[in-house]
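Trainee:
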Amino acid sequence: MINVMIKNIIIGFSFGLLVSSCLDLSPKDQMSDSNMWETASDFKYFANNFYGWTRDFKKVTSDGPHSDERSDLFTGASVNVYSHGSNSIPTSDSWYTDNYKYIRRANLILQNAKNYSRDDINTYVGEAYFFRAYFHFDLVQLYGDVIKVDKVMDIDSPEMNQERNDRGEVIDFIIDDLNKAVELLSDEPEEDGRICKMVAYAFISRVALYEGTWQKFRDNTERGKALLDIAVKAADKVIASKKYELFKPESLGIYAYKYMFTLENVKSNPAGLTKKDNKEYIFYRRHDEILAPIGTNITAGYCANAVYLNRKLVNMYLTQNGLPIDKDPYAAGTNEKGFKGYATETSEFENRDNRMLNCMLQKGQKYWKNEDNQCRVTWDENEEGRLTCDVNKGTGYQNQKWCTERQVKSEYEGYDYPIIRYAEVLLNYAEAVYERDGEIKDADLDKSLNLVRLRVNPTMPKLSKALVDDNGLNMREEIRRERTIELVHEGFRLDDLKRWKTAEEEMPMDILGIKWEGTNFETSWTNASTIKRNDEGCLILEDGRSWSEKNYLYPLPSDQTQLNPKLGQNPGWE
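Taking numbering that gives the first Met the number 0, the leading residue of the sequence shown gets 0, the next gets one more, and so forth.
1. Among Asn357, Ile108, Tyr553, Leu138, which has the Cα closest to the Cα of Arg454?
2. Three-state secondary structure (DSSP) at Ile102?
3. Taking Tyr280 as part of the beta strand (DSSP E), name the residues at either end of that continuous run.
4. For the alpha helix (DSSP H) that Leu448 lies in, which residues bound it at each end?
5. First and last residue of the alpha helix (DSSP H) that includes Arg480?
6. From Ser66 to Val78, what distance separates their C-alpha atoms?
7. Say yes only if the C-beta of Lys531 is nearer than 8 angstroms to one or more non-hydrogen atoms of the ligand MG, and no if none qualify.
8. Closer than 7 angstroms by C-beta to Cys195: which residues in its own chain qualify, once you throw out the five before and the five after it? Chain order, please.
9. Which residues in the same chain have their Cβ closer than 7 angstroms to the Cβ of Asn264, if we skip the five residues on either side of it in sequence?
10. Identify the continuous beta strand (DSSP E) that holds Ile88 and give its terminal residues.
11. Look up Val124 in the DSSP assignment and give the residues it is bridged to.
12. Between which two residues does the beta strand (DSSP E) containing Tyr200 stretch?
13. Within this structure, are the beta carbons of Leu245 and Ala431 separated by less than 9 angstroms?
14. Assuming Ile513 contacts Leu540 (C-beta within less than 8 angstroms), just tell me the rounded distance between them.
15. Quick one: grab the DSSP three-state call for Gln561.
16. Between the beta-carbon of Glu485 and the beta-carbon of Arg354, is there less than 9 angstroms?
17. Starting from the Cα of Ser267, find the closest Cα among Glu158, Val139, Asp415 and give me that residue.
18. Using the DSSP secondary-structure output, state which residues sit across from Arg532 in a beta bridge.
19. By Cβ distance, which residues of its chain are closer than 7 angstroms to Trp572, with the 5 residues on each side in sequence left out?
20. Leaving aside the five residues before and after Leu138 along the sequence, list all residues of the same chain whose C-beta is less than 6 angstroms from its C-beta, in chain order.
21. My understanding is that Val151 touches Asn106, with C-beta atoms under 8 angstroms, so please give their C-beta distance in whole angstroms.
22. What would DSSP say about Pro328, mapped onto helix, strand or coil?
23. Could you check what DSSP says for Val407 in three-state terms: helix, strand or coil?
24. Who are the Cβ neighbours of Asn473 in its own chain at under 8 angstroms, not counting the five residues just before and after it?
25. Which residue wins for smallest C-alpha separation from Gly393, given the options Arg351, Ala46, Ala76?
26. Please confirm whether Lys362 and Leu386 have their CB atoms less than 9 angstroms apart.
27. Kindly indicate which three-state DSSP category Arg163 falls into: helix, strand or coil?
28. As an exercise, report each continuous beta strand (DSSP E) stretch of at least 3 residues that is fully enclosed by the segment 252–307, in chain order.
29. My output table needs one value for Met35: the three-state DSSP class, helix, strand or coil.
30. What does the alpha-carbon distance come out to for the pair Tyr243 and Lys236?
31. Since Leu466 is in the alpha helix (DSSP H), which residue starts that stretch and which ends it?
32. Is the segment 311–324 touching the segment 211–228 in the sense that three or more CB pairs, one from each, lie closer than 8 angstroms?
33. Could you tell me if Arg117 is buried or exposed, where buried requires 16 or more neighbouring beta carbons within 10 angstroms of its beta carbon?
34. Sort Met508, Gly84, Lys147 by Cα distance to Tyr133 and report the nearest one.
35. Identify the residues that DSSP records as bridge partners of Gln397: which are they?
36. Which same chain residues end up closer than 6 angstroms to Ala234 when comparing Cβ atoms and leaving out the 5 residues on each side of it in sequence?
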C-alpha cells in the first residue's frame with residue numbers, strides 16, 4: 000500500500016514539473032523509476048492520464064488553434080486576431096510544449112513495456128502508440144515540420160538541439176504508430192470510454208485525409224494519392240466493422256442532430272434518451288454533471304447571440320431540393336421545396352437543410368436555456384418556451400448548437416465532447432475517394448456521405464453524379480459543403496481551409512450578417528441602419544481581414560527558437 004502511495008505521489012509530482020527546454024522534459028530519475036512499472040495496474044494508471052489531454056469543449060469551442068472561431072464562419076463582439084490575420088509570434092506557446100510533454104509520457108510507457116514480460120499490458124501499450132501519434136499529429140497540423148520523438152529524451156540528450164523533421168517523415172511515423180496501436184487494442188468499443196482498434200482506424204482516416212489533401216493541393220500529387228488511399232481503406236475498415244451508426248432515433252425525428260450533442264444520463268431531450276443510446280461517438284471526452292462537468296460556459300456562452308454566425312455559413316445550407324440557394328432561386332416561385340428568399344426575418348429558413356433548424360434559432364422561436372425560469376420542465380410537446388428569440392442583434396443569426404434545454408448550473412453540463420464521431424469517418428471516406436480518383440460513384444456516396452446528408456433530411460435528394468451534372472454543380476464543392484455543415488463548430492473548418500489551400504480566398508472575406516436592405520429587417524431592426532452594409536444590403540460585422548501564405552502554419556514560439564536555434568522559424572515568420 001505504501002509503495003502504491005509513493006508511486007502515485009511521484010507521478011503526480013512529476014506531472015507538475017516544468018523544465019525550460021523546447022521539449023519540456025522532466026528529470027529522468029523521476030517518472031521513469033523502474034519500480035513504478037511492476038504491474039499492469041501501474042501501466043493503466045499512467046495511461047489513464049492521456050484521456051485528459053485530448054480535445055475538449057474548452058480547447059475547440061472557445062479560442063483555440065483548431066477553433067472555428069478562428070475560421071471564416073464566426074466572429075464576435077471583439078475581433079479575433081488569428082481569424083483577422085493579424086496574430087504575431089508568441090513568446091511562449093503551451094500548445095507546442097504540452098504536446099511534447101505528453102509525447103514523452105507516451106514514450107515512458109513504451110520504454111518500460113520492453114522490460115515487462117507479460118502481455119496483460121497490451122491495451123496500455125496500444126494506447127501509448129495511439130496517443131504518441133495523436134500528439135505528433137497536432138504538432139504537424141499547427142507547425143508543419145516538427146521534431147519527431149520516438150524515445151524518452153533527457154535534458155542532456157543531443158536530440159534536444161536537432162533540426163525539425165520534415166512533416167512527411169513525421170506523418171509516416173504517425174501512421175506507423177497507429178497501425179501498431181491497431182494490433183494491440185481491443186476489437187470491441189470499451190464501455191469505460193477507452194479506445195479500441197476502430198478508434199485507431201478512424202484516426203488514420205483523419206490523418207491520411209488531412210495530409211493527403213495538403214500534399215495534393217501543393218502539387219505533390221503522387222504523395223497525396225498514396226495517403227488518400229490509406230484514408231479510404233482506414234475509413235472503410237470502420238464502416239465495414241458495423242460497430243457504429245449515426246444517431247437518428249425516430250423519436251427525435253428531424254431534431255436528432257440537435258439533441259445528440261446534449262445527451263446526458265438525466266433527461267436532456269424530449270424522448271428521454273441517454274448516452275447509451277448514442278452509437279455515433281467513436282472517441283470522446285467523457286463528462287458528467289457531478290464527477291466531471293464540462294467546466295466552461297458552454298450553454299450560456301453559445302446560446303442565441305453569444306456567438307456571431309457568418310452569413311456565409313447560413314448560405315451554405317441547401318434547400319430541400321438538395322440544391323444550393325443560388326441554384327434553386329426563389330424567383331422561380333414554383334417549387335414547394337425551393338428557396339423562399341430574404342423578404343421576411345424567417346423566409347430564408349423555409350425549405351432548407353434541417354441541420355439549419357438544429358443549429359440556429361429563428362426570430363420569434365421559443366427556446367430554452369439552463370437557467371431558472373428559462374428551461375424545460377415537463378418536456379411535454381406542448382410546453383411553451385421560456386424565451387422568445389429576438390434576432391435583432393449581432394449578425395442577426397443565432398446559435399443553439401451545444402446548448403442544453405434542461406436546468407443545470409452553468410459550466411456543469413455533463414454531455415460528452417465528440418473527438419471523433421462516425422459522421423466524420425463517413426465524410427472522410429467520401430472526400431478521400433473523390434480526391435484519390437477524381438470522381439466518386441453513387442454507391443460510394445450512398446454508403447457514406449448520403450447517410451449523413453439524409454439523417455435529418457429524409458426527403459432530400461441524395462448527392463449523386465446526376466444531381467451534380469443536371470444542375471451545374473461541382474462535386475468537390477458539394478462534398479466540402481456537407482463536411483462544413485455537418486461538422487460546424489467542432490474544430491474542423493480552419494484546418495480544412497488550410498489543407499485545401501483555399502484559406503487565402505475564404506479568410507479575407509468580410510464577416511456578414513443578415514440582408515437588411517429590402518427586407519422586413521429595415522422596419523423591425525431600425526438600429527441596424529448605422530451598421531456598414533455591402534452592395535447587396537447585407538450587414539458587415541467585420542472587414543479588413545487578411546490572410547497571407549505564412550498563416551497556413553502557426554509560428555514557433557520565440558522562447559523555443561532561442562533555446563534551439565536549429566528549429567528555425569516557419570516561412571514568412573522569420
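Cβ coordinates follow ideal geometry from the N, Cα and C atoms, glycine included.
Mentor: On the basis of the supplied data:
1. Asn357
2. Ile102: helix per DSSP, three-state reduction.
3. 280–284
4. 448–452
5. 474–485
6. 14 angstroms
7. No copy of the ligand MG occurs in the structure displayed, which carries no ligand at all.
8. Leu184, Ser185, Asp186, Glu187, Pro188, Glu189
9. Cβ within range, chain order: Thr273, Lys274.
10. Unbroken run through Ile88: none, as it is neither H nor E.
11. None, per the DSSP bridge assignment.
12. Unbroken run through Tyr200 is the alpha helix (DSSP H), 196–215; no beta strand (DSSP E).
13. Contact flag unset, no.
14. About 10 angstroms separates the two Cβ atoms, so there is no contact after all.
15. helix
16. yes
17. Closest by alpha carbon: Asp415.
18. Leu538
19. These residues qualify, in order along the chain: Ile88, Lys549, Pro554.
20. Asn98, Val145
21. Right, their Cβ atoms sit about 5 angstroms apart.
22. coil
23. coil
24. The beta carbon of Asn473 lies closer than 8 angstroms to those of Val467 in the same chain, with the five residues before and after it left out.
25. Ala76
26. no
27. It is coil, neither helix nor strand.
28. Here the runs fully enclosed are 280–284.
29. helix
30. The C-alpha of Tyr243 lies about 11 angstroms from the C-alpha of Lys236.
31. 464–469
32. no
33. exposed
34. Lys147
35. Leu360
36. Excluding sequence neighbours, Ala234 sits near Ser204, Val424, Asn427, Tyr428.
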